[in-house]
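In the numbering used here, the protein residues as written are 50 to 242.
For reference, the structure discussed in these notes is given below.
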């Protein structure tokens with residue numbers, strides 16, 4: 050195993066020592082934007098309380114989808130996780146309990162936009178799409194493009210390699226249905242995709 054980083058290599062994990070006279074690399078090369086890791090995911094210090102709430106919500110919804118655990122038990126467990134105090138707990142509550150309570154309605158919105166059966170979707174991507182659909186319906190203070198971007202970031206951080214592309218496609222198709230005036234206004238102003 051090489052102890053020197055070259056462009057595209059991940060930084061050392063901390064268990065390897067750099068060769069004598071060399072310092073540990075701070076970040077991988079590649080020109081990542083300020084506030085992001087080399088893979089494009091936002092650094093923890095650059096995350097808002099709402100972003101953190103979404104991150105905890107996607108993990109909690111994953112537990113619900115995979116383990117069929119009760120929302121109250123998941124909620125109690127999640128609140129004890131490290132860093133939860135930095136999250137917007139009100140937004141987290143709305144996402145977790147809202148998505149669990151409205152799961153059939155959210156699935157009914159998502160399913161027509163899928164190219165496969167819902168059961169074949171990764172539970173992470175499923176949870177992220179629930180969050181996006183829920184925010185489209187119940188969080189008009191969050192612009193539709195922000196909803197999509199936040200969900201893409203969740204899928205990048207927690208999902209499979211190209212899961213964020215799938216989430217983008219589904220939520221991009223859902224936005225005009227649930228936020229028609231906002232999407233049309235952005236299109237008229239030349240801001241929409």
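Every residue gets a Cβ at the ideal spot worked out from N, C-alpha and C, and that includes glycine.
Since we're looking at a predicted model, the values are computed, not measured.
In this structure the stretch 106–116 lies against the stretch 168–182, because at least three pairs of beta carbons, one per stretch, are closer than 8 Å. Residue 167 sits in a helix when the DSSP states are folded into three classes. 218 is the residue among 218, 134, 208 whose C-alpha sits nearest the C-alpha of residue 182.
About 18 Å separates the Cβ atoms of residue 148 and residue 193, ruling out a contact at the 8 Å cut-off. Taking a C-beta distance under 9 Å as the contact criterion, residue 107 and residue 177 qualify as a contact pair.
The C-alpha of residue 187 lies about 20 Å from the C-alpha of residue 202. Counting only residues of its own chain and dropping the five nearest sequence neighbours on each side, residue 226 has a CB closer than 8 Å to the CB of 158. At the C-beta level, residue 206 and residue 104 come within 9 Å of one another.
In this structure, the CA atom of residue 238 is about 42 Å from the CA atom of residue 123. About 5 Å separates the beta carbons of residue 101 and residue 135, which is inside the 8 Å limit, making them a contact pair. Note on geometry: alpha-carbon atoms of residue 140 and residue 120 lie some 15 Å from one another. Taking residue 156 as the centre and dropping the five residues before and after it, the same chain places the C-beta of 167 closer than 7 Å to its C-beta, in chain order. In the three-state reduction of the DSSP assignment, residue 181 falls in the helix class. Non-local C-beta neighbours of residue 215 in its own chain, meaning closer than 7 Å and more than five positions away in sequence, comprise 174, ordered along the chain. Closest option to residue 142, judged by alpha-carbon separation, among 154, 109, 152: 109.
Residue 236 and residue 224 have their alpha carbons spaced roughly 12 Å apart. Take the alpha-carbon of residue 204 and the one of residue 132: they are about 20 Å apart.
Under the rule that a run must span 4 or more residues, the alpha helix (DSSP H) segments found entirely inside the stretch 120–175 read 120–128, 138–150, 152–159. The three-state reading of DSSP puts residue 107 in helix, counting H, G and I together. Restricting attention to 189, 232, 144, 191, the CA atom closest to the CA of residue 111 is found in 144.
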